[in-house]
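Quick note, the sequences are listed as chains A and B, same order. Per our numbering: the first sequence = residues 1 to 237. Per our numbering: the second sequence = residues 1001 to 1124.
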Amino acid sequence: MAAPTLEPYVSRPGGLRGVFADWASDQRTFKNVSWGKAMIWIFLLSDTFIFGCFLLSYMTARMSTRVPWPNPSEVFALHIGGADVPLILIAIMTFVLISSSGTMALAVNYGYRRDRVKAAVLLLITAAFGVMFVGMQAFEWTKLISEGVRPWGNPWGAEQFGATFFMITGFHGTHVTIGVIFLLIVARKVWRGDYETERRGFFTSRKGSYESVEIMGLYWHFVDLVWVFIFAFFYLW
Amino acid sequence: MSDATMDTRARAEATHAAAPAEHQQHPLKVYFLIWGLLFVLSACSYAVDYVGLEGYLRWFLILFFMVFKAGLIMAIFMHMAWERLALSLAIVVPPIALLVFVGIMVAESDYTFLTREVFFGATP
């Protein structure tokens, strides 16, 4: 097996010329990116298509029905202090996820600085925000189910509302849950110093590095990114 | 995995680590700035609903804040702004297919809606 071509990318042309130079000829395309990072990006691209298709089917259902669509502003309102506050829970969930994205970005930064304690604590805070998000989602689901929302119908309007709601938010919630599990695993590895002692992973038997924290971060930011689109199209539209 | 391969890998990783600016290391200030901006933008998009804007202004603002937020997360938090263009384009260009798909499904939904109107809507 030949060693991968590791040319110093600094000397390579940038911009569009660089794109052609990188993609042309028989060599590795992503010059300064490890296979791990390239693969998480390609995974995220495929995930984009999955969520894109979910949102598309939601759009198709909503555009083609003659029955009025339930007003999300009212459906997701909470009764606080004697008044209905529209979408308040969803707004809080959005802020929770944005906060977790911030702590994740800081964790990646401290990881590369080899500040183990700070990176691990920030990862744990990120995981805690994730748990908070999933908890609020569970609350929201419980509330809607108790009000009679089902995948095949609801008290307020178009029947497809329930199906698209449970499918899209459920799939996103699953992503958050998986993210939390991985955050805890990475936090443990950082805490224990696995990326400095080059201890081999329990599953892949490979040596890790602090790049794993960044790869974890890419996944977590993507989950936040998807929520931005769900928030806009499902809750606000 | 043979020892020889492991050696190659170790050497490759050593070369890798030695390359300058290999890791995405940026001043913390950048992250805090974007973090704050994301909070403001989220508050803005929530305000669109809270104030109760309707029609094209509502849809425009929703999309505007959405694209702005998504762009900031991708460019700064996911470090896309600092990656080589070869990677950025490989990730950003394919989703354009989704936009084409949106166009197709809008036409399809309009047609379905029309047929539903014709067959279920008309009172004889």
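Backbone N, C-alpha and C fix where the C-beta goes; we use that ideal spot for every residue, glycine too.
Using beta-carbon distances, residue 1108 of chain B counts as an interface residue toward chain A, with a partner under 8 Å.
Residues of chain B with a Cβ closer than 9 Å to the Cβ of residue 169 of chain A do not exist, since the nearest Cβ in that chain sits about 17 Å away.
Residue pairing for residue 83 of chain A: DSSP places it in a beta bridge opposite A/80.
For residue 68 of chain A, same chain residues with a beta-carbon under 8 Å away, outside a window of 5 residues either side, are 157 and 158 in chain order. Take the alpha-carbon of residue 133 of chain A and the one of residue 53 of chain A: they are about 23 Å apart. Relative to residue 1036 of chain B, the option among B/1063, B/1073 and B/1026 whose CA is nearest is B/1073. The continuous alpha helix (DSSP H) containing residue 109 of chain A extends over residues 88-112. Boundaries cannot be given for residue 158 of chain A, as no alpha helix (DSSP H) includes it and DSSP labels it neither H nor E.
Relative to residue 203 of chain A, the option among A/234, A/185 and A/230 whose CA is nearest is A/185. Secondary structure of residue 66 of chain A (DSSP, three-state): coil.
When the beta-carbon positions are compared, residue 63 of chain A and residue 1113 of chain B come within less than 8 Å of each other.
Here residue 87 of chain A is not near residue 95 of chain A, since their CB atoms are 8 Å or more apart. When beta bridges are read from the DSSP output, residue 1029 of chain B appears opposite no residue. With contacts defined by Cβ atoms closer than 8 Å, residue 232 of chain A and residue 1046 of chain B do not form a contacting pair.
Counting only the Cα atoms, residue 160 of chain A lies some 14 Å from residue 148 of chain A.
At the C-beta level, residue 226 of chain A and residue 51 of chain A come within 8 Å of one another. Here residue 84 of chain A is exposed. Its C-beta has fewer than 16 other C-beta atoms within 10 Å. Using a Cβ-Cβ cut-off of 8 Å, residue 189 of chain A does not count as an interface residue toward chain B, since no Cβ of chain B sits closer than that to its own.
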